[in-house]
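A short write-up of the structure that comes next.
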Amino acid sequence: MSARILIIDDVPANTRLLGARLGAEYFEVRTAHDGPAALAEALAWQPDLILLDVMMPGMDGYETCRRLKADVRTLHIPVVMVTTLDQTDERVRGLEAGADDFLTKPVDFDTLLARVKSLVRLKRLLDEWRMRGQTAHALGLSANGFAPPAVAGARALVVDDDDASAQAIQDALLRDGVLAARARSEAETMELVRVVDFALVVISLSMLTDDPLRLASRLRAQETTQETPLLLIAESAQRDRLLRGFDLGANDWLIRPLDANELRARARNQIRRKFYQDRLRADLGHALELALTDPLTGFYNQRYLMRHLHGLLDGGGGDMVAVMMLDLDHFKEVNDRWGHPVGDQALRVVAETLRGRVRVFDSIARYGGEEFVVVMPGASAQEAQGAAERLRSAIEQIRFEPEPGQVHQLTVSIGVACSAPGRTPEQVLQMADAALYTAKNAGRNCMKMAAQA
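Add 2 to the 1-based position in the sequence shown for the working numbering, that's all there is to it.
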């Protein structure tokens, strides 16, 4: 894994040694020797991870971390604090300042490397969602800003076959308002995650009933839990299993004997990150819906249509694709006589008729004012011709009443074209459009096939 690591330590010998070891693992490394220089370098270089010494003159590591996390331009960068301080309250202080982990010198390099890789993987996942969200915001499709959420009311799951251990973890989490369910086995866990969307799963590596690492692997492989934070609880002698857990996708860890405050701090960080990730995904989904669908009919818009056709046709291979272009006949007369609200109603009625009469894997787009396009992957010219005639007939049978008791006949003209080797999406659409105008010139309310040149 290649990534950019910023090492911050006021002792140059420490940065040289750690930089050399990380460089040997193909990481790109830069260094800074005090807090202000670190803030400037993080902002300018945008590293994938920061290794931050605590004991520095002037601005110490805690203040440096707080400032990094308070700046919207650097808050997303994972921070691992590295220090000679080994007291639990120091670890909690670092976590509450925003650090993602807290390692004690002398640092075991394999443990450090496992944490670096795990946090960089998570950052890159969040970066992708973040960049998509920024693009959506730039297009005016989503709101900007995200306040750190409260964790009270979040649902967690404690997986431990030891009753006293599980109860202690549940009690600690409850002090922050986190409601923790309990599972004693792999089967019980998988049943619970099937019905509850947990914001955190805490797994004891000391379980005897099942292999907790196999459980972690299953949770990561399952779509509904692959991004749920996993916090591993290990004995001091379980270092190798802990490292294996990080390889499987675990997010955080604690060594027994557990300190309740450290557990709470790590759980809060993981739950907040989960909420942040969920918010990014929800914003993106809403932005994509706005960007790619027509609000009147719910069909895809022209932007999506072109992307979809390129995906089907680019490369020149694969099955034939048929495209039909439909135009609502005399639509201007509807708008002129009854007004645009009635015209919109006519479009919605036609849209519902189309939606109920295409195959599940066909796509429909609103191409223009009263024009629709149906994309039929794998359809032959003969199949497309039959489908177009059925759509034309179904729309002709619509009983549309612009006013109570007054029926207006709705009809469509349809042009159909098919893909061919070397034919671009734009060319297929142009052929369908030309066939559509042939249908209109033939008297409307009919279907015409494009000439297969």
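Virtual Cβ for every residue (Gly too), placed ideally from N, Cα, C. Because the structure is a prediction, the values reported are computed rather than measured.
- For R186, no alpha helix (DSSP H) segment is defined, and its DSSP state is neither H nor E.
- Every unbroken stretch of the alpha helix (DSSP H) spanning 4 or more residues and falling wholly within the region 380-416 is given here in chain order: 383-398.
- A distance below 8 Å separates the beta carbons of Q272 and D254.
- Ranked by Cα distance from G380, the first of E372, I397, V362 is V362.
- At a Cβ-Cβ threshold of 8 Å, R117 and D103 count as neighbours.
- Judged by DSSP in its simplified three-state form, Y302 adopts strand.
- Counted as a single uninterrupted DSSP element, the stretch harbouring M209 is not any alpha helix (DSSP H), since DSSP gives it neither H nor E.
- By the 16-neighbour rule on beta-carbons within 10 angstroms, R339 is exposed.
- Per DSSP, K107 is not a residue of any alpha helix (DSSP H), being assigned neither H nor E.
- Between H410 and the set L105, G370, V352, A390, the nearest pair of CA atoms involves V352.
- As the crow flies, the alpha-carbon of R75 is around 15 Å from that of P38.
- Bounds of the beta strand (DSSP E) holding M83 are 81-85.
- For F277, the secondary structure class from DSSP, reduced to helix, strand or coil, is helix.
- Secondary structure of A40 (DSSP, three-state): helix.
- The count of Cβ pairs closer than 8 Å, one atom from the region 16-30 and one from the region 63-80, stays below three, leaving the stretches out of contact.
- Going by beta carbons, L41 and V82 fall outside the 8 Å limit.
- Counting C-beta pairs with one atom in each stretch, the region 342-356 and the region 290-304 have three or more that are closer than 8 Å, which means they touch.
- Within the same chain, and ignoring the five residues on either side of R368 in sequence, the residues whose Cβ sits closer than 7 Å to its Cβ are D296, T299, F301, N303, F374.
- Ranked by how close their Cα comes to the Cα of L245, the residues Q429, K119, P259 have K119 in first place.
- Ranked by Cα distance from K442, the first of R258, S415, R275, A5 is S415.
- C67 carries a helical assignment under DSSP once its states are collapsed to helix, strand and coil.
- Excluding residues up to 5 positions away in sequence, Y64 lie with their Cβ nearer than 7 Å to the Cβ of R95 in the same chain.
- Annotation for A34: L8, I10, A40, E43 place their beta carbon closer than 7 Å to its own, counting only its chain and skipping 5 residues before and after.
- The straight-line gap separating the alpha-carbon atoms of D163 and R123 is approximately 30 Å.
- Here DSSP, grouped into helix, strand and coil, assigns F248 to helix.
- For V351, the enclosing alpha helix (DSSP H) starts and ends at 342-357.
- Note that the region 446-453 touches the region 417-427; at least 3 beta-carbon pairs, one per stretch, sit closer than 8 Å.
- When the Cα atoms are used, L256 and L233 turn out to be separated by approximately 8 Å.
- Put simply, the region 261-278 touches the region 166-177. At least three CB pairs are less than 8 Å apart.
- M326 is a Cβ neighbour of A386, given a cutoff of 8 Å.
- When secondary structure is reduced to three states using DSSP, V197 falls in the helix class.
- In summary, G345 is buried, with 16 or more beta-carbon neighbours lying within 10 Å of its beta-carbon over all protein chains present.
- DSSP, read as helix, strand or coil, puts S238 in coil.
- With respect to the 8 Å criterion, L53 and L20 are classified as neighbours on the basis of their beta carbons.
- Boundaries around T33 are those of the beta strand (DSSP E), 30-34, since no alpha helix (DSSP H) includes it.
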